[in-house]
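In the numbering used here, the protein residues as written are 5 to 378.
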């Protein structure tokens, strides 16, 4: 082999296997006969055997191979890729014997411009990230201050509210006969308001402890049936006033579970109270407790107004209130469901909700016997 021939072969091998440039060998009628490895990898599609024009993204339809061959200028062509965005290249086309060779290169000025734009965007992103970090720290501190204030205010309010509640209950129980119906109504209003305020203060203290990371569980072997019965005590009083029926079903034997019985009772009370509050007079709230090999399951279902899809998304967010109105206009802090969700999450359990507007809502608590001890 002549040295000159060997040189041509070495150059061709370099272009075919190594060179980072675009190379097409075309037939006289514009069919792609060969491409190099770089072109095949970059365009990521089958090339051999198809017309060169099919590779080009030519919305205007102005590209003509014969015209391009006559021009000494580079042709700016956009090639379609198997995946990703099309790529614009500058091509030089030459006739060599019975073939047409097309060499393409990237627009370095465009690449440099894009690099500058990416650098500018990256700088802006870094600045925004730093600013976001500062704002996050500020918001965290403000949230901590809010929790401290909320906790102190609720704690200071608890004693005077308890005094009002205790004395109003005493007067109603011990000297009720001394008052006429109007004055008894005044006392009952005071008692109801004090009870409502006590529940609000308890909720504020709970959410303050949760957000401050001071929410602790006192887990011990607890009878789930006993916990359910305790939570039903207050719910039944509330239900009787509204003439709502509470139907309870549970397995005869439920194995004890290592859990914080008081907290689970609080969670159940919140859900039961919520179900009664959203139920019409004469309707039924269904409560069931079942178990399988792995889980303990509480289910509370009402036939109230239900919850729309948008409200469901924020149902467990503190201070968010449901879209459906309570049937007797009961007051709400918007914290009960958020606290319930935190209690169940602290037990490594799940709190599920299903609701259909106009048909009612079903809350399901699932406590896994193994995960609760992790």
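Note that the Cβ used here is the ideal one computed from N, Cα and C, for glycine as well.
Note that the coordinates shown come from a computational prediction; the quantities given were computed from them, not determined experimentally.
When DSSP states are grouped into helix, strand and coil, residue 363 belongs to the coil group. When DSSP reads this structure, residue 156 sits in no beta bridge, so it has no partner. With the rule of 3 Cβ pairs closer than 8 Å, the stretch 225 to 244 does not count as touching the stretch 195 to 213. For the pair of segments examined, the stretch 272 to 291 was found to touch the stretch 242 to 250: the number of CB pairs separated by less than 8 Å reaches three.
When C-beta atoms of the stretch 105 to 117 are compared with those of the stretch 170 to 184, fewer than three pairs fall below 8 Å, so the two segments do not count as touching.
When the Cα atoms are used, residue 254 and residue 340 turn out to be separated by approximately 24 Å.
For the set 363, 48, 269 and 348, the Cα lying nearest the Cα of residue 305 is the one of 363. Counted as a single uninterrupted DSSP element, the alpha helix (DSSP H) harbouring residue 70 occupies residues 69 to 74.
With distances taken between CA atoms, residue 312 lies nearest to 360 out of 271, 360 and 93. In the three-state DSSP reduction, residue 146 falls in the helix class (H, G or I).
For residue 44, the uninterrupted alpha helix (DSSP H) segment begins and ends at 41 to 47. Look at residue 183 here: in three-state DSSP terms it is coil, with no helix or strand label. DSSP places residue 275 in the uninterrupted alpha helix (DSSP H) bounded by 265 to 281.
In the assembly as shown, residue 346 is a buried residue. Its beta-carbon has 16 or more other beta-carbons within 10 Å.
Contact between residue 342 and residue 322 is confirmed by a C-beta separation of about 4 Å, below the 8 Å threshold. In the pairwise beta carbon analysis, the stretch 136 to 148 is classified as not touching the stretch 178 to 197: fewer than three pairs are separated by under 8 Å. DSSP, reduced to helix, strand and coil, places residue 301 within a strand of the structure shown. The C-beta distance from residue 274 to residue 344 rounds to 5 Å, short enough to meet the 8 Å contact threshold. Comparing alpha-carbon positions, the option among 74, 134, 27 and 33 lying closest to residue 93 turns out to be 27. Taking a contact as a CB-CB distance under 8 Å, the pair residue 30 and residue 60 does not count as one, their CB atoms being some 12 Å apart. For residue 239, there is no enclosing beta strand (DSSP E); the residue is found in the alpha helix (DSSP H) stretching over 228 to 246. Taking C-beta atoms under 8 Å as the contact rule, residue 366 and residue 303 qualify, at a distance of about 7 Å. Less than 8 Å separates the beta-carbon of residue 99 from that of residue 73. Here DSSP, grouped into helix, strand and coil, assigns residue 257 to coil. For residue 55, the CB contacts under 7 Å within the same chain, skipping 5 residues up- and downstream, are 34 and 35 in chain order. The beta carbon of residue 95 lies closer than 6 Å to those of 79, 81, 106 and 108 in the same chain, with the five residues before and after it left out. Taking a C-beta distance under 8 Å as the contact criterion, residue 47 and residue 85 qualify as a contact pair. Linking residue 194 to residue 165 through their CA atoms gives a straight-line distance of about 11 Å.
By the 16-neighbour rule on beta-carbons within 10 angstroms, residue 276 is buried. By the neighbour-count criterion, in which 16 or more other beta carbons inside 10 Å mark a residue as buried, residue 45 falls on the exposed side.
Residue 103 carries a strand assignment under DSSP once its states are collapsed to helix, strand and coil. Under the three-state reduction of DSSP, residue 348 is assigned to helix.
Judged by beta-carbon spacing, residue 151 lies within the 8 Å limit of residue 212, meaning their Cβ atoms are closer than that value. In the three-state DSSP reduction, residue 219 falls in the coil class, being neither helix nor strand. In the three-state reduction of the DSSP assignment, residue 117 falls in the helix class. Under the criterion of beta carbons closer than 8 Å, residue 39 and residue 51 qualify as touching, at roughly 5 Å.
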